[in-house]
Amino acid sequence: MLRFRRYRVFAFAAAVILFLLFRLSQNSQWNAQPRKIYRGYATPGTKQETESGNRSNGGGSDSAAAAAGAGGGSGGGAPPPADAGSAAPDPDAAIAKAMAKEAAAQAHSIHVPQLHTSLEVKGSYGLPTTHRLPASPKETPLSSPLSPGSGKAAGGSSSSSSNGNAGAGIGAADAVANPPPAFQETVAPVVDATAAAVVPIYSTSTIHWVKMPEYFPIPEESLILLPTGAPKPIPRIQHRFEDETAAAREVREKRLASVRGEMQHAWEGYRKYAYTHDELTPVSKSFRDPFCGWAASLVDGLDTLWIMAMHEEFDEAYEALKQIDFTTTPYRSEIPVFETIIRYLGGLIAAYDVTGGSAGNYPALLTKAVELAEILMGVFDTPNRMPILYYSWKPVFSSQPRHASTSVSVAELGSMSMEFTRLAQLTGHTKYYDAIARITDAFEEWQNRGTALPGIFPETVDASGCNRSLAALEQLAGASTAAKEQVAAAAAAAAVNQADPEPVGYKPPQPAADPMVSVDKVKLAKTMPPDLEFRVNPASKAGEPAVGEFHNVNKRDVGDSADDRDAEKRAAVPPPVALSTESTNTADAVADAAGDATGAVAPGTLSETTASSPAAAAANQKTPKQPADPPIRGAAGLLHNGPPTTPVSADGKPTEFQCVPMNLTSGGYGMDSYSMGGSQDSTYEYFPKEYLLLGGLVPKYQTMHEKVADAVKKYLLYRPMIKDESRDIRFSAKVSSRDRTDKDLIYHHEITHLTCFLGGMLAMGGRIFNRPDDVDIGGKLTDGCVWAYEVMPTGIMPEGSTIMPCDDPTSCPWNETLWHARLDPSASWRTQQLQRYREDVKEWEAKKMEVQQLQELRRETEERALRAAANAEAEKLLRPVNDSSGADVVSAPNVHKRDGPVDGRSLPPSGDTVADPDTAAIDRKVKALEHDLDLNSVSSSEIVGGAGAAGAGAGASAVSGAANNGASTKTSSSISGYDQLQNSLPQQPLVDTTIPPEPIRPETHEEFVQHRIERDRLPPGFIDLNDRRYILRPEAIESVWYMYRITGDPKWQDKGWRMFQAIIKATKTEVGHSAIGDVTADPDDEPNQLDNMESFWFAETLKYFYLLFAKPDIISLDEWVLNTEAHPFKRPT
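So the sequence shown is numbered by our numbering: it starts at 9 and just counts up by one.
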């Protein structure tokens, strides 16, 4: 019989597996496709799926879910008849008709299914599945729409199920757990086309952005209006191209086809492995979602697809675009505003423009742009209207008042103007233009006020609008004055009373009483819905959405406030006395003042039941509690509170936003940095482009651009020292100011890929504003970036490097000695080290000679001692011994008797001979001794005396004398002759005879420089390559395109073609193109590809290469203006 305990492990494992299978069967909406935030879209290459239903726009979301589970009426799901008095149409017929119309209109469209998520409630286990799914969509027909909070149809009929088990378990408990419609989404399952009339609806807990009332709104009459009227005449920007020859056209079209082929290659890889995700990972054939998962590559590349005449791909992407939900994302809790505006909003607007705008066939492009813009408008709701650049979009956060950051970059703050201006032009809504015009005004004021480098701004900006330093100083000064006045008053009172009162410390002034009448607060509280608390639970896994739910907040028993009638009675009591700093229960007193109107304690305060002392509790009982300020109520019932003691100031705004106002200023500490590179570039780029987009009607943009151009030429431009002295190129440096003036500047002669936009910007500005020198400088800057491509082993410019500048830009001969000196600034120290090395070598050689002499002397001494001991041992073996008969026998030569007497017999006196009959035994002992000492080669004649062997000689003489005198010498049986030899050596102090290590020769200045050039693979003139990557950036080819369109010189096409060939060779993968890690690597080796393909590869890099070889009238600079992501906007005509 089997013993059960041997199978306990197997039984337990089987039970666990059964339990897991049971749970999986309850959460069966698994889908291999990453549906995420898309609804009704099937990835290309899979069977197209359809869906019906949309986000619920009513108040009965959970009842609708119950109806979906329970079914409509009897008889296989037919809806029940409406009441006779109801005029409501048949909802199933309306829905079926709408679905049929949609199916007919989009017979070939593709739909993206919505991610089904579950509330963090009992039974859900946090799995991303829909809540309480029915067994089969075909068995759960949609019933009539339900009224809020009821289980009956709008017409009054009850919902019943044709399948008794279909709606089991769905009831009041689920209705309590699910959120209201503002925070939930209803999603229909994937159904077969034959079941199109069946439209079950399910509620999910995916959190969505909700538009909130503004804390700091701009009145309609105060909005900055979008300029109107006929555009001013602007000089021609683009060169007047002549007809090309047949040979030139053939070359151009061949290059154009190559660029288009690479676009098709990369797009196909994205479409296959990362469609509707942000980016393709072209090595691992997967995807990334760094920009909220709203299909950044798809949106960013829409206009490129259209420009390259890839219309089938465009139409497919357009259908997928319709399903993007910008109100939610499972990937980020904060929206990166700058990247979202230039990639998403700019991409949508440009695609709308290039497809014909209102005359085109793609209206959803503008619709989605407006949808996204409405979300982004929330970032401007700050006291000074400066934007929040990382927007916490979830309602629980977006409902709170905010300041702009004290540390933002110039580029993030100033690179919104083109997108919102163009959207205002397309929609007629001037609020979009007002939002960015205030930022421009702030930059203009700062530029006029002045910075360390007049005309340009430091890298980091404080955009908060609050002078905290001045506020602190004023508060300190006020407190000091009040303290002095209080001390003087106390002294005067003491003099009057002729008494010495107890000293009283300074008490800070208390906030003024709330101007809102208490009765009005009670009335306002009565209009609020039941107390709700919205809780957000973070996602359990990366990439999954956070989930949220509403909970009823039970009224706490605080003092004697029980209901609204008590609150009305207490409203007649005067406001409470200001809290004293001597209170021992400040937290409780604050809580008393904050919560009675709604029966809830404000977040962040303690309950009144936790009195810190009996005295405080008694005081609470004696003093009637007063009604407190009701919490500020945002959209969808969300509550948010100001500071506990003074939640609202006199103007109705939270008091923490009352500060000393301040304009834009430096947000850094210590030195300010200025450059045209990353974190600053696109703000300057937008000054001349915004001038074009507004038709020249706002002259401030010209003034601001000209100040920037003058500052660049005065402070930032430098000429690098290169071997080709005939090539006059320029770069823009990074400058830091020690004292925030232009008197003490530190220069860093950098070359960054991001700065390469500057050539195109200056050249275009030179044409617009009639500044021909700027066009020339733009060409030198652009050629500098081309040179940086050409000198690298791969033919590609690195992300960042530094180079040797010329002292005189007008004359700059190549000076290798000077370059080497910059590569090794410690040349003099290396010379000193080399001189010291030579001295150390001399000392080492002398020490080495002394040690070698000592070693030789010791070796000779040991050899003499060994020979002397060996000879003495040999003589002892040659002495005669007596046998048992008394006859003398001479022992065999070289016999070493080391164990004393042989066979127990003592040695005879010297001269006696003894014969040993056991010759074999003697021979064996002789051989053993010979093997032990290996002294057969030593003869007795080699015994040599001397100073070095005095001890050994003395020992040998003693042995010899004992033999000659016939003395019987006994030795220890445990000590060999060799050990006796070692013991007989003279005992002298140990002397270090180790040769010290030879000094290491340091590198000379020339050797160090040569090794550094070889190790770092530095081209001539470069000091450092601090970032060797190339991440598919477009700025260099961008300026090349501008220079070609402005000058018409075909040399720019040739330069661009070489750049294109080098880039494709190093970056191309099986399914796309990848960033690489080292542009200095051997081009014949396998490139170090970083498995990253950002969306600007579609939007900018490939687009600029294509436009370089396209006909000049495609995206003409006199008709279009491109944003910083290369999205073309139509200029006003």
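Even for Gly, the Cβ is constructed at its ideal location relative to N, Cα and C.
The structure displayed is predicted, hence computed values, not measured ones.
Buried or exposed by the 16-neighbour rule on C-beta atoms within 10 Å, applied to residue i
i, result
"Val-24", "exposed"
"Ile-343", "buried"
"Ala-443", "buried"
"Pro-243", "exposed"
"Asp-1121", "exposed"
"Asn-456", "exposed"
"Thr-749", "exposed"
"Thr-1141", "exposed"
"Asn-65", "Unreliable placement is indicated for Asn-65, whose pLDDT of 39 sits below 50; no coordinate value is reported for it."
"Arg-1066", "exposed"
"Arg-775", "buried"
"Val-1129", "buried"
"Leu-1125", "buried"
"Arg-1041", "buried"
"Ile-315", "buried"
"Asp-816", "exposed"
"Lys-697", "buried"
"Tyr-682", "buried"
"Ala-1134", "buried"
"Gln-840", "exposed"
"His-756", "exposed"
"Leu-374", "buried"
Range covered by the alpha helix (DSSP H) that runs through residue i
i, result
"Ser-5", "Missing from the structure shown is residue 5; the chain here goes from 9 to 1141 and no further."
"Lys-1138", "Note, Lys-1138: premise wrong, no alpha helix (DSSP H); beta strand (DSSP E) at 1136 to 1138."
"His-319", "319 to 330"
N- and C-terminal bounds of the beta strand (DSSP E) containing residue i
i, result
"Ser-1082", "Segment: none, Ser-1082 is in no beta strand (DSSP E) and carries neither H nor E."
"Lys-731", "Premise fails: Lys-731 is in no beta strand (DSSP E) and is neither H nor E."
"Glu-758", "758 to 760"
"Trp-1128", "1128 to 1130"
"Phe-1030", "1030 to 1035"
"Arg-1214", "This structure leaves residue 1214 out entirely; the chain is present only between 9 and 1141."
"Arg-296", "294 to 296"
"Leu-288", "287 to 289"
"Gly-808", "808 to 811"
"Glu-342", "342 to 344"
Cβ distance (whole Å) where residue i is taken to contact residue j below 8 Å
i, j, result
"Ile-811", "Gly-1029", "5 Å"
"Gly-773", "Asp-782", "6 Å"
"Asp-1090", "Pro-801", "6 Å"
"His-761", "Glu-1011", "Contact flag wrong, Cβ pair sits at about 33 Å."
"Gly-463", "Asp-689", "15 Å between Cβ atoms; not a contact."
"Leu-705", "Lys-240", "6 Å"
Under 8 Å between C-beta atoms of residue i and residue j
i, j, result
"Ile-383", "Thr-429", "no"
"Phe-1113", "Val-259", "no"
"Asp-389", "Lys-1138", "no"
"Leu-766", "Ser-744", "no"
"Val-716", "Phe-695", "yes"
"Ala-328", "Ala-358", "no"
"Val-849", "Ile-1003", "no"
"Leu-1110", "Met-271", "yes"
"Asp-1099", "Ser-292", "yes"
"Asp-784", "Val-1017", "no"
"Cys-667", "Cys-814", "no"
"Gly-675", "Thr-468", "yes"
"Glu-427", "Leu-353", "yes"
"Gly-422", "Thr-691", "yes"
The region 212 to 224 contacting the region 398 to 411, beta-carbon criterion three pairs below 8 Å: yes
Stretch-stretch touch, CB-based, cutoff 8 Å, three pairs: the region 442 to 455 with the region 237 to 249: no
The region 268 to 282 touching the region 1066 to 1080, judged by at least three CB pairs closer than 8 Å: yes
Cβ contact check for the region 1045 to 1052 and the region 820 to 831: 3 or more pairs under 8 Å: no
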